[in-house]
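J.: So the sequence shown is numbered by this note's numbering: it starts at 34 and just counts up by one. Positions of the beta carbon are idealized from the N, C-alpha and C atoms, including for glycine. One structure coming up, written as structure tokens, with questions to follow.
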Amino acid sequence: IAFDPNFRPRLWPDLDEARATMTRAAGLATIVLPSFADEQTLFGDSEPGATLDRLHALGALEVIVKDGEAPMHFRVDGESFEALPVRVADPVDTTGAGDSFNAGYLAARLRGATMPQAVDAGSRLAARVVRHRGAIIPKDAPLY
34 IAFDPNFRPR LWPDLDEARA TMTRAAGLAT IVLPSFADEQ TLFGDSEPGA TLDRLHALGA
94 LEVIVKDGEA PMHFRVDGES FEALPVRVAD PVDTTGAGDS FNAGYLAARL RGATMPQAVD
154 AGSRLAARVV RHRGAIIPKD APLY
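Given below as structure tokens:
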């Protein structure tokens, strides 16, 4: 089970219910793919490493904490890593960046990639997506 918490405050009646629900869901997941901004807002995490530790302690085997243009923090088999996302000089629309990262990451893992390789694949896909409006890459778009 892969889970991206994707916290949106206005969709929850209160923060306590959101925290409890997100914690239960993360505890059921094998892979958790949160953004640090969401986790900081909901849980008050001081830095991405705190998010990584908290979610890993719930039982997730793989945790990838995305943090915009800052390094991603990730852990698998008790080993922690950091990686910078692929830089995009000319982003057009960041809608779908996190979801496209997740898609690239999960597809790479299913093909047998290591976690660092899958993080790179997710980052490269997200970098392609943000170069186009509406999170849709046209079929005739160049491969960067």
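When burial is assigned at 16 or more other CB atoms within 10 Å of the CB, is Glu102 buried or exposed?
T.: Looking at its Cβ environment, which holds fewer than 16 other Cβ atoms inside 10 Å, Glu102 is exposed.
J.: Return the Cβ separation of His89 and Val96 in integer angstroms, given the expectation that the two are a contact with Cβ distance under 8 angstroms.
T.: Contact holds; Cβ gap of about 5 angstroms.
J.: Give me the Cα-Cα distance between Val125 and Asp153, rounded to the nearest whole angstrom.
T.: Straight-line Cα distance between these residues: approximately 21 angstroms.
J.: Would you kindly report the start and end of the unbroken alpha helix (DSSP H) that includes Ser68?
T.: It is not in any alpha helix (DSSP H) - Ser68 carries neither H nor E in the DSSP assignment.
J.: May I have a chain-ordered list of the alpha helix (DSSP H) segments no shorter than 4 residues that lie completely inside the region 151-177?
T.: The qualifying runs do not exist here; there are none.
J.: Excluding five sequence neighbours on each side, which residues of the same chain lie with their C-beta closer than 8 angstroms to the C-beta of Ala58?
T.: If we look at Ala58 and ignore the five residues flanking it on each side, its Cβ neighbours are Phe36 and Pro38.
J.: Which of the three DSSP states is assigned to Ala116 in this structure?
T.: Three-state result, Ala116: strand.
J.: So, with DSSP's three-state summary, where would you put Ala35?
T.: Correct three-state label for Ala35: strand.
J.: Would you call the region 102-116 and the region 151-166 touching, i.e. three or more CB-CB distances under 8 angstroms?
T.: Contact holds: three or more Cβ-Cβ distances are below 8 angstroms.
J.: On the DSSP letters alone, give me the boundaries of the alpha helix (DSSP H) that Glu50 sits inside.
T.: Start and end: Leu48 to Leu61.
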